[in-house]
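To keep things clear, I will list the structure first and then write my remarks on it.
Number of protein chains: 2
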Amino acid sequence: MMQEVTDFTIDSVMQNAVSAFDEYKKLPPVKRAAFLEAIADEIEKLRGQLVEIANEETNLPLARLNGELTRTTGQLKMFATLIKEGSWVEASIDRADNNRNPPKPDLRKMLVPLGSVIVFGASNFPFAFSTAGGDTASALASGCSVVVKGHPAHPKTSLAVFNAIQSAIKISSVPGYTVQHVEGSSNNIGEALVKHRLTKAVGFTGSFKGGTALVEYAHQRAIPIPVFAEMSSINPVVFYPDTLSKNAASLAAMFAASVTLGAGQFCTNPGILLGIKGEEFDTFLSLLGTEINKVLPQKMLHSGICTSYENSLAEMLDQKGLQVVAQSSSEAKEMEAAAVIASVSAKDFLSNEHFKEEVFGPYSLAVICDDKEQLIQCLQSLIGQLTSTIIATEKDLSDYADVIALQHTLAGRILLNNAPTGVEVCASMVHGGPYPATTDSRFTSVGTTAIKRWARPICLQNFNDDILPDALKNGNPLNILRLVNNVYTRDAV
Amino acid sequence: MMQEVTDFTIDSVMQNAVSAFDEYKKLPPVKRAAFLEAIADEIEKLRGQLVEIANEETNLPLARLNGELTRTTGQLKMFATLIKEGSWVEASIDRADNNRNPPKPDLRKMLVPLGSVIVFGASNFPFAFSTAGGDTASALASGCSVVVKGHPAHPKTSLAVFNAIQSAIKISSVPGYTVQHVEGSSNNIGEALVKHRLTKAVGFTGSFKGGTALVEYAHQRAIPIPVFAEMSSINPVVFYPDTLSKNAASLAAMFAASVTLGAGQFCTNPGILLGIKGEEFDTFLSLLGTEINKVLPQKMLHSGICTSYENSLAEMLDQKGLQVVAQSSSEAKEMEAAAVIASVSAKDFLSNEHFKEEVFGPYSLAVICDDKEQLIQCLQSLIGQLTSTIIATEKDLSDYADVIALQHTLAGRILLNNAPTGVEVCASMVHGGPYPATTDSRFTSVGTTAIKRWARPICLQNFNDDILPDALKNGNPLNILRLVNNVYTRDAV
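Chains as they are written, first to last, in my numbering: chain A, 1 to 493; chain B, 1001 to 1493.
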């Protein structure tokens, strides 16, 4: 913890981070796993207190925060399990062949951690994407040391979680500076951390403006580093006619809940609802409107986000062609957001880039297309997204195969007849997508493969067995899955 | 083929590349594999002619070019085998759990190709890193369409190889524009290709200046794209005392050959030879000098590279503290490079950044350290490398464990008692390394995993089996290795 952050203190933080990394990376995976589990245990011990502090700082309801805390400890344990199993290092062995001309050397490859990394806490997930969140958990699992920049919107929560981490550091006997915590609301701190010569990578979840600023800092370095920023997405949903003719009521309920979940403060909030003009889409929008009327305004994370919602919503509602379909019938009190569904013709949508901007909150825009061609044009006009949702029957899938194919290219996660909110934490999750959804579509920030962001492969050529790392030794003492002479196996070589 | 390249033609090339991609990506892996094999066959048919043209354009000896052509067809076939096996797509399945609260959806993940990519031919590998080289082969294997920018130093070779690709396109019935070829020596063409909105990624092997220019273009785009540039490396080799006391003669022969192989025109050429002052290192350098004296000057790739070698060598030899250890005893004729070994004290090396610059050609600098501490300082002063070589006995490995550990952090490939030249094409190879060796240390440009540069993961949520891609279908019709509920298996689900 640091109250006054200067270039001098940043430098000593990063020096400490590197010293810790040099020791921490040498620990066997079981030790690192025990550390992750200890963090989970220490957080669990403080559950009541942490949830209360976070509730005070973020206005998120206790039930949601309890769920998010469970997700957070679950993530830590998931990465512990992953590294205890061990195959994530992608071990690969090509044995020597002295009979070949020229002789083939022995070559062995595995992933190793990048070094000391920076994790920026996110405002909308005070636990799961903050101090001990997914970025921290995956980076620690990989063997990196972590400097957390706590989010200024929940400083007490961040610090309380960091205290739990510090207890775990002591209990697990990992190096004292394996995780450090830096506070402060100035952008200069983030800039100094990203630009520091000892920083090797950056994890961030937040706004497009914030993410691109970090990318710019990283690009300005003498030695550029990767920035994994999850930035913005309007998560298009296409409602096809056949399903609307059959399931309009249940879809309206599903999407009213998805648009307003957590006051709309999710990266995967469905911001654009596309459909083809006609009775089916009209009926659906009318039912959706009825559901939205009933949703009570909810308190947002902090006043800045609430003001931003009000302003960007006002600006959106002011655009030519936009019509309000429905809004909460109750009035919003201080710091509360009232849900709004608006609609626009595809023609107007296509002629005004403003309609594609993210309004962070419980707002969604229905885009009414004249026909399939116009629907295709609308989808083609979109930039990279986290999710792309298909609401369709089998008949729709067949009638609109070309539109469906296009939907597959837009995002990291493609959903069929599910709402995009709710991001499952598992091996098959992709929480990522083409720019500007994230800065690097080849990685996910949720799920086990999030660990891959913090590692690089090294190849060891002509090493004797006794000096090889355990993952690459002939006997396969870690019993991991390896690619040996192009065959996947857990056998010894 | 295009003689006059304009923005208009670049635009139509990229439009064609996207149209081809949209069809090509849908082909089953066996079809793509057959295409790669057809390219290899068509190149093999033209072997005599291709080797002759390349010899004329690059001055590389026929034996080397024959070997490089075999490597090139071998790479194409290797990627064909990889995609026929199919597990490279990292398929992952997490099954639904309706008993959980909330219910867990069915989630399935796999890698999909990025789109239309640009491959820049390299001057020093007219076959293996050019028109049908490793970048093209891996990109085509992934399912991307490719636009090759032929290297202006070997235009006829590039075009002749492209003709072989065109025959393979016809034979395999893949879309006509799956591979396109753009010629021209102007940098504007490269800039226009990298900046074109339809370009999704870039592969490059060449100079630091060239690579960083491409990165800058990519960064200037509205939608940034990855640039995989392999740029420069001086490939440090540390000779430890015990091995020098025993193996000086054989090491001198090994490194005289490595420094001068292919007129020193390899990315992995050992440019810095570090050792600790003393009789052992003196003897080794003297033996190395005797070997270097005997090496005849060799013709370089083209006059530009030869002039650049002469100029950068002259500038290097002019630096304070540098001493020439040995050079070829025969004089270099036109376009030929004479081998040179120089030496410098670690003190001078550490005080002059110039000594760390790459001299592309048969030159290497011995750095004489007073002691272990100074050796560590020299290694710490180096930036990212492709290779880091340890020449040591077991006693050295034990006596110098801290220096060895440092050597592991410098590069993508760490060698023990091997010369760094000679890059094996296999699954365990890492031809890559921390910046500026490459722009992205997480990927390799040689070996099967080079395919990962051209793909991104997508997650399909709640899809019915009949509309899932083959790699993710319940029955596992491709019989690939998949991660199913966190267990690796080829079983159906």
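Don't be surprised by glycine CBs; every beta carbon is placed ideally from N, CA and C.
Strand pairing of residue i, partner residues [DSSP]
i: Pro420/A; result: Per DSSP, none; premise fails for Pro420/A.
i: Val119/A; result: Val148/A and Gly203/A
i: Phe488/A; result: According to the sequence displayed, residue 488/A carries Tyr and not Phe. In DSSP, Tyr488/A forms a bridge with Leu483/A.
i: Gln1298/B; result: Ala1337/B
i: Arg560/A; result: As displayed, chain A neither begins before 1 nor continues past 493, which places residue 560/A out of reach and without an answer.
i: Gly275/A; result: Phe239/A and Ile368/A
i: Val324/A; result: Ala342/A
i: Gln1180/B; result: Val1147/B
i: Ala1455/B; result: Pro1113/B
Beta carbon proximity, residue i to chain B, threshold 7 Å
i: Ile414/A; result: yes
i: Met14/A; result: no
i: Glu183/A; result: no
i: Asp94/A; result: yes
i: His154/A; result: no
i: Val430/A; result: yes
i: Glu424/A; result: yes
i: Pro105/A; result: yes
i: Tyr309/A; result: no
i: Leu214/A; result: no
i: Tyr400/A; result: no
i: Asn418/A; result: yes
Contact with chain A by residue i, beta-carbon distance below 7 Å
i: Gln1380/B; result: no
i: Met1300/B; result: no
i: Ala1427/B; result: yes
i: Glu1331/B; result: no
i: Pro1362/B; result: no
i: Tyr1488/B; result: yes
i: His1151/B; result: no
i: Leu1481/B; result: yes
i: Tyr1177/B; result: no
i: Tyr1435/B; result: yes
i: Leu1198/B; result: no
i: Val1259/B; result: no
i: Leu1219/B; result: Correcting the residue identity first, residue 1219/B is His in this sequence and not Leu. It does: the Cβ of His1219/B has a partner Cβ on chain A nearer than 7 Å.
Residue i (DSSP reduced to helix, strand or coil)
i: Ala132/A; result: coil
i: Ala54/A; result: helix
i: Met1014/B; result: helix
i: Ile19/A; result: Reading off the sequence shown, one finds Ser at residue 19/A, where the question assumed Ile. Ser19/A falls in the helix class under three-state DSSP.
i: Gln1166/B; result: helix
i: Thr1157/B; result: helix
i: Val1194/B; result: helix
i: Ala332/A; result: coil
i: Thr81/A; result: helix
i: Lys473/A; result: coil
i: Asn98/A; result: coil
i: Phe281/A; result: helix
i: Gly86/A; result: coil
i: Ser1185/B; result: coil
i: Asn1124/B; result: coil
i: Leu288/A; result: helix
i: Leu1468/B; result: coil
Near the ligand SAM: residue i beta-carbon under 6 Å from a heavy atom
i: Ile272/A; result: Only the bare structure without any ligand can be found here, which leaves the ligand SAM out of the picture.
Under 7 Å (Cβ pairs) to chain B, residues found in the region 222-235 of chain A: Ile223 and Pro224
Every unbroken beta strand (DSSP E) within the region 208-269 of chain A, with a cutoff of 3 residues, ordered by chain: 227-230 and 236-239
Contact set between the region 1437-1469 of chain B and chain A, restricted to residues whose Cβ is under 9 Å from the partner: Thr1439, Asp1440, Ser1441, Arg1442, Phe1443, Thr1444, Gly1447, Thr1448, Thr1449, Lys1452, Arg1453, Ala1455, Arg1456, Pro1457, Ile1458, Cys1459, Leu1460, Gln1461, Asn1462, Phe1463, Asn1464, Asp1466 and Ile1467
Ranges of the alpha helix (DSSP H) found wholly within the region 1383-1451 of chain B, counting only runs of at least 4: For the region 1383-1451 of chain B, whole alpha helix (DSSP H) runs of length 4 or above, ordered along the chain, are 1394-1399 and 1401-1408.
Every unbroken beta strand (DSSP E) inside the region 350-386 of chain A [3 residues or more]: 363-369
Contacting positions in the region 1108-1132 of chain B - beta carbon closer than 7 Å to chain A: Arg1108 and Lys1109
Complete runs of the alpha helix (DSSP H) confined to the region 1024-1074 of chain B [at least 4 residues]: 1029-1045 and 1047-1058
Residues from the region 1041-1062 of chain B in contact with chain A, defined by Cβ distance under 8 Å: none
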